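One structure is given here, and the rest of the page talks about it.
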Amino acid sequence: MRHSGKTKKPKRARRVSASSQVTFLKKKVLAGPKTKEAPRPIVDPAAEQQLKAFEEAVQHFQQQKYAKAKPAFDKVIAGPGKDLADRARVHLRIIEQRLQRSEPVTPRTPEEHYQQGVAMMNMGRWDEAREHLLRARKLAPKADYVIYAMAALDCLTGEAESAMENLKLAIQLRPENRYHARNDEDFAFLQEDPRFTELLYPDRENSGL
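All residue numbers for the sequence shown refer to our numbering, where the first residue is 3 and numbers rise by one.
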């Protein structure tokens, strides 16, 4: 009886497999594409690379590192995802517009030279800042804001005499510059100079007299 029990089990398995293979094949054909569509976008390495490239490009874009952001967005455009590619194209257009705006290589007006000079001052490029401010002063000799910026530049570079002269002239052209200089950190180098305090606080001398 034990031996007969062992032989009956494979016979039953053969009968079930013969009838069930057709049904299983039909189910696999119908259910096959549905189960395969879900994991494809998750496991797709090209999509993962596109996402990483997009994240890196956005970080460079937010940091205004457009030279690094442009090639990263180009990689995103070459990826399989259309949504990310469209977003990358939008960012590239913004980068092109900003680069065109930030590339006034040949400023002509005194305002353009002044803006370029202040930008160079903020970056610590003293020589380039002085060149632009001098050009702006030649084009507009009585522009108090240009002379005031030159006084600040002289102070930042440690030239006290020229800083005092330019600051005096800027205050003569516009007395309001006196109040701006009081709270301007660029003139910290002259705070211990008595001439600086006399120039910015003339009321103290009158009260003392």
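No residue lacks a Cβ here, since even glycine has one placed at the ideal position from N, Cα and C. Computed from a predicted structure; not experimentally measured.
Where residue i falls, given that 16 or more other Cβ within 10 Å makes a residue buried
| i | result |
| --- | --- |
| M125 | exposed |
| Y181 | exposed |
| A2 | Outside the displayed range of the chain (3 to 211) lies residue 2, so it cannot be described from this structure. |
| D156 | buried |
| K185 | Per the sequence shown, the amino acid found at residue 185 is Asn instead of Lys. Exposed, because fewer than 16 other Cβ atoms sit within 10 Å of the Cβ of N185. |
| I96 | exposed |
| V160 | Reading off the sequence, residue 160 comes out as Gly, not Val. Result: exposed. |
| Q193 | exposed |
| P204 | exposed |
| P82 | exposed |
| V92 | exposed |
| L101 | exposed |
| P73 | exposed |
| A59 | buried |
| A48 | exposed |
| A131 | buried |
Element boundaries [alpha helix (DSSP H), containing residue i]
| i | result |
| --- | --- |
| D76 | Y68 to I79 |
| Y146 | The sequence given here has Asp at residue 146, not Tyr. That run of the alpha helix (DSSP H) goes D146 to L158. |
| D129 | W128 to L141 |
| E114 | P112 to N124 |
| E58 | P47 to Q64 |
Reference residue i; option with closest CA among the options
| i | options | result |
| --- | --- | --- |
| P177 | R197, Y147, A162 and L101 | Y147 |
| P109 | G119, V78 and A59 | G119 |
| R197 | E163, Q174 and A74 | E163 |
| L1 | K67, Q65 and R89 | Lying outside 3 to 211, the shown extent of the chain, residue 1 is not represented and no answer is given. |
| Y116 | A87, Y150 and Q102 | Y150 |
| Q66 | E98, L158, K170 and M123 | E98 |
| N179 | A190, L202, Q51 and E187 | L202 |
| P112 | E133, F56 and L171 | E133 |
| F189 | I173, L175 and A154 | A154 |
| A145 | W128, E114 and D129 | E114 |
| L136 | A80, M123 and M152 | M152 |
Those runs of the alpha helix (DSSP H) which lie wholly inside the stretch 172-211 and span at least 4 residues
179-184, 196-202 and 204-210
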